[in-house]
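Count along the sequence shown from 1, add 13, and you get the number used in the working numbering.
Contents: one structure, followed by commentary.
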Amino acid sequence: MAARATAGTVALSRLWPGRTDRLIIAPHDLRTADATRAAEIYAGRFVFAGKIVTCHGRSIFDLEPPSEDWEAALLGFGWLRHLRAADTALTRANARALVDDWISNQARKRPLERRADVRARRVVSLLSQAPLVLGDTDGKFYRKYLRGLAREIRYLRYSTLDNADGVPRLQVLIALCYAALCLANQARNIRTATRKLSDELQRQILPDGGHISRNPGALVELLSDLLPLRQTFAARNIAPPPALLNAIDRMMPMLRFFRHGDGSFALFNGMSSAPSDLVATLLAYDDTHGVPMAGMPHTGFQRLDAGAATLIVDTGPPPPPSVSQDAHAGCLSFEFSAGTSRIVVNCGMPTTGRDNWRPFARSTAAHSTLTYHDTSSCQFVELSAMKRLLRGAPITSGPRKVESYREAVTDGDVLTASHDGYLSRFGVIHRRVLTVSQDGTRLDGEDSLSPAPGRRIKGDDADFALRFHLHPSVKASRLSDARGVMLVLPNRDVWTFEALDDKVDLEDSVFLAGNDGPRRTSQIVIRQDARQASSLRWSFTRSSSSATATTARRNARREPELPL
14 MAARATAGTV
24 ALSRLWPGRT
34 DRLIIAPHDL
44 RTADATRAAE
54 IYAGRFVFAG
64 KIVTCHGRSI
74 FDLEPPSEDW
84 EAALLGFGWL
94 RHLRAADTAL
104 TRANARALVD
114 DWISNQARKR
124 PLERRADVRA
134 RRVVSLLSQA
144 PLVLGDTDGK
154 FYRKYLRGLA
164 REIRYLRYST
174 LDNADGVPRL
184 QVLIALCYAA
194 LCLANQARNI
204 RTATRKLSDE
214 LQRQILPDGG
224 HISRNPGALV
234 ELLSDLLPLR
244 QTFAARNIAP
254 PPALLNAIDR
264 MMPMLRFFRH
274 GDGSFALFNG
284 MSSAPSDLVA
294 TLLAYDDTHG
304 VPMAGMPHTG
314 FQRLDAGAAT
324 LIVDTGPPPP
334 PSVSQDAHAG
344 CLSFEFSAGT
354 SRIVVNCGMP
364 TTGRDNWRPF
374 ARSTAAHSTL
384 TYHDTSSCQF
394 VELSAMKRLL
404 RGAPITSGPR
414 KVESYREAVT
424 DGDVLTASHD
434 GYLSRFGVIH
444 RRVLTVSQDG
454 TRLDGEDSLS
464 PAPGRRIKGD
474 DADFALRFHL
484 HPSVKASRLS
494 DARGVMLVLP
504 NRDVWTFEAL
514 DDKVDLEDSV
524 FLAGNDGPRR
534 TSQIVIRQDA
544 RQASSLRWSF
554 TRSSSSATAT
564 TARRNARREP
574 ELPL
């Protein structure tokens, strides 16, 4: 007998009587489905990762993929959820035909198809979408489906020692846990898969809830699978392992830690735009309602909230090399928002076409922080042969000593941080002091470069640049005295950036993490020579004539609000 299913899972015994000894339950898929895309797939148009491929009557699996991201999306079979959302006889038949096409032609031998994380995604998709593919089928196709699924699971079990560290390794173990729970007579495999997953969760999910890669996007990706996995354990009347429950409980507050007032995520270490509907779904599962800590010491981030303002700062060293393929050289960079308006951001990483933008997106210059001698604070593997061997370009060197401390003062909070990413090459330490006023209407900062005790700055040139990348929704114009920039937010609030002792430039920049791809924006830049001026002071201040400030004063005086 199949176990009674909880919300979000589907018991399969009613679909195939007499065959519940094989596939007995289908887990829930939390990822967003779009029923309108089912018609595109039926018409032979496959749109993944910003690329479109049209079949024209040929098998989609025989066509040359336009990009690796597109091919990974196709072979991961996550698109089956769009067909299931339409839930018609036509889409069910289409799903069955496409899966049959793939199962029947294993001789294609696509290299990416065998990659462990892609295979893991495929196994989870075939399990969760089994009601769609098998709902109207006969016993012959059912057995064929199970043989194909069993083959994938068998390969996945043998690949656990060879897959990439970090999220891909967890995805494989999650898929194996799903497989053991969804198939019958798997008691031994359930114990093995649960133990391995527990060990890996304890290693990869840090005590403060962050992931060892320091990428906020890893939390979204993993929770999308871990939450339904918890439900699947319950559906089988098996107690979820404590490591799984503890990991989820720690990750949920961390998820909120990285969110700005508009619901978007701070752009650190490979973070792209996160689907707002998926994030809302994940947060709806939050049982803890725990308030995130102001500082995340194990992951290396600080958050300062004051009034409507939010400041999120990277105060940690780069992650271990084995999980640094997407890590950025953004030490001491920050993002700053007021209410639902993001003001200062990092460039982030695009959701598609990453290879084109990756070198720039990972550089220090793509972050709101200081760059010394036009050099990043981290260095990456550059040789193509090494990149292929290591499956990416991990960080080879970067800040080793990153210090930070915060204190409450009379009118706000002060965060002081420093890193030694430029010490070995140039003999300087970057120190940053950030002060947020108690009412959140002012952010003061000071960036300084100083030699290590008993040493001096190396080389003849000591040029550096301080950058503040602005969100595309912010309209910026340089003040006439060239010492500041006026910023107009979407809600018509006006902020002013000032650096009274230095010339301020307004230059072009790019916001890579937009939902519609890279967008043009601006950056505030101050250039200086460390031997002439080793310290720069600057501030962001909200104007008292801003729309929200004016409304607040009227409400305080209970005056009627006039149209602006």
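Glycine included, every Cβ here is placed at the ideal spot set by N, Cα and C.
{"Item": "Beta-carbon within less than 8 Å of Gly230's beta-carbon, same chain only, minus the 5 sequence neighbours each way: which residues are those?", "Value": "Phe278, Gly283, Met284, Ser285, Ala287"}
{"Item": "Check the DSSP bridge columns for Val241 and list the partner residues they point to.", "Value": "Note on identity: in this sequence residue 241 is Pro, with Val being the wrong assignment. The partner list for Pro241 (beta bridge, DSSP) is empty, contrary to what the question assumes."}
{"Item": "For Val487, does the three-state DSSP call read helix, strand or coil?", "Value": "coil"}
{"Item": "Flag Ala293 as yes if its beta-carbon sits less than 8 Å from any beta-carbon of chain D, otherwise no.", "Value": "This model lacks chain D altogether, as it is built from one protein chain only."}
{"Item": "Report the option in Arg134, Thr534, Arg550, Ile37 whose CA atom is closest to the CA atom of Val357.", "Value": "Thr534"}
{"Item": "Mapping the DSSP letters down to three states, classify Ser557 as helix, strand or coil.", "Value": "coil"}
{"Item": "Apart from the five residues just before and just after Gly161, which ones in its own chain have a Cβ nearer than 6 Å to its Cβ?", "Value": "Ile116"}
{"Item": "May I ask you to verify whether the stretch 321-341 touches the stretch 490-497, counting CB pairs closer than 8 Å and requiring at least 3?", "Value": "no"}
{"Item": "Starting from Ala430, trace the beta strand (DSSP E) both ways and give me its first and last residue.", "Value": "425-432"}
{"Item": "Contact check, Pro363 vs Pro531 under 8 Å by CB: the rounded distance?", "Value": "6 Å"}
{"Item": "For Phe154 versus Arg109, is the C-beta spacing smaller than 8 Å?", "Value": "yes"}
{"Item": "Mark Leu103 as exposed unless 16 or more other C-beta atoms lie within 10 angstroms of its C-beta, in which case mark it buried.", "Value": "exposed"}
{"Item": "Please state the DSSP three-state secondary structure of Val185.", "Value": "helix"}
{"Item": "Under the three-state reduction of DSSP, which class applies to Thr377: helix, strand or coil?", "Value": "helix"}
{"Item": "If we ignore side chains and look at the alpha-carbon of each, how far apart do Arg375 and Gly343 end up?", "Value": "8 Å"}
{"Item": "Throw me the rounded Cβ distance for the Val336 and Gly179 pair, which I believe falls under 8 Å.", "Value": "4 Å"}
{"Item": "Can you list, in chain order, the stretches of the alpha helix (DSSP H) that have 4 or more residues and sit fully within the stretch 274-335?", "Value": "289-297"}
{"Item": "Suppose you measure from the CA of Tyr158 to the CA of Asp113; what does that come to, to the nearest Å?", "Value": "8 Å"}
{"Item": "What separation, rounded to the nearest whole angstrom, lies between the Cα atoms of Asn228 and Ala340?", "Value": "7 Å"}
{"Item": "Could you check where the alpha helix (DSSP H) with Tyr158 kicks off and where it finishes?", "Value": "152-171"}
{"Item": "Pick from Thr454, Asp433, Met267, His482: whose alpha carbon is nearest that of Ser463?", "Value": "Asp433"}
{"Item": "Could you have a look at Arg533 and say whether DSSP puts it in helix, strand or coil?", "Value": "strand"}
{"Item": "So for His95, helix, strand or coil by DSSP?", "Value": "helix"}
{"Item": "Please give the ranges of any beta strand (DSSP E) in the stretch 332-359, keeping only runs that are unbroken, at least 3 residues long and fully inside the region.", "Value": "347-351, 354-358"}
{"Item": "To test your reading of the DSSP string, which unbroken beta strand (DSSP E) runs of 3 or more residues are found completely within the stretch 447-532?", "Value": "455-464, 476-483, 488-491, 497-501, 507-511, 518-524"}
{"Item": "If you reduce the DSSP assignment to three classes, tell me which class Asp221 lands in.", "Value": "coil"}
{"Item": "For Ile539, write down the residues that DSSP places opposite it in a beta bridge.", "Value": "Leu479"}
{"Item": "Give me the residue from Arg269, Arg355, Leu296, Val292 with the minimum Cα distance to Phe314.", "Value": "Arg269"}
{"Item": "Among Ser80, Thr101, Ile187, whose alpha-carbon lies nearest the alpha-carbon of Arg132?", "Value": "Ile187"}
{"Item": "Extract the residue ranges of the alpha helix (DSSP H) inside the stretch 59-103, only unbroken runs of 4 or more that lie entirely within it.", "Value": "81-89, 93-99"}
{"Item": "Label Leu513 either buried or exposed according to how many other C-beta atoms from any shown protein chain fall within 10 Å of its C-beta, with 16 as the threshold for buried.", "Value": "exposed"}
{"Item": "Apart from the five residues on each side of it in sequence, which residues of its chain come closer than 6 Å, Cβ to Cβ, to Cys391?", "Value": "Pro331, Ala342, Ile408, Gly411"}
{"Item": "Where do the ends of the beta strand (DSSP E) carrying Leu257 lie?", "Value": "Leu257 -> not in any beta strand (DSSP E); alpha helix (DSSP H) instead, spanning 255-270."}
{"Item": "Using the three-state DSSP reduction, which class does Leu213 fall into: helix, strand or coil?", "Value": "First, the residue type needs correcting, since residue 213 is Glu and not Leu in the sequence shown. Helix."}
{"Item": "Looking only at its chain, what residues have a beta carbon closer than 7 Å to the beta carbon of Leu145, apart from the 5 residues adjacent to it on each side?", "Value": "Leu93, Leu96, Arg97, Arg105, Ala108"}
{"Item": "Provide the residue(s) that pair with Phe439 in DSSP beta bridges, ordered along the chain.", "Value": "DSSP output for Phe439 lists no bridge partner at all."}
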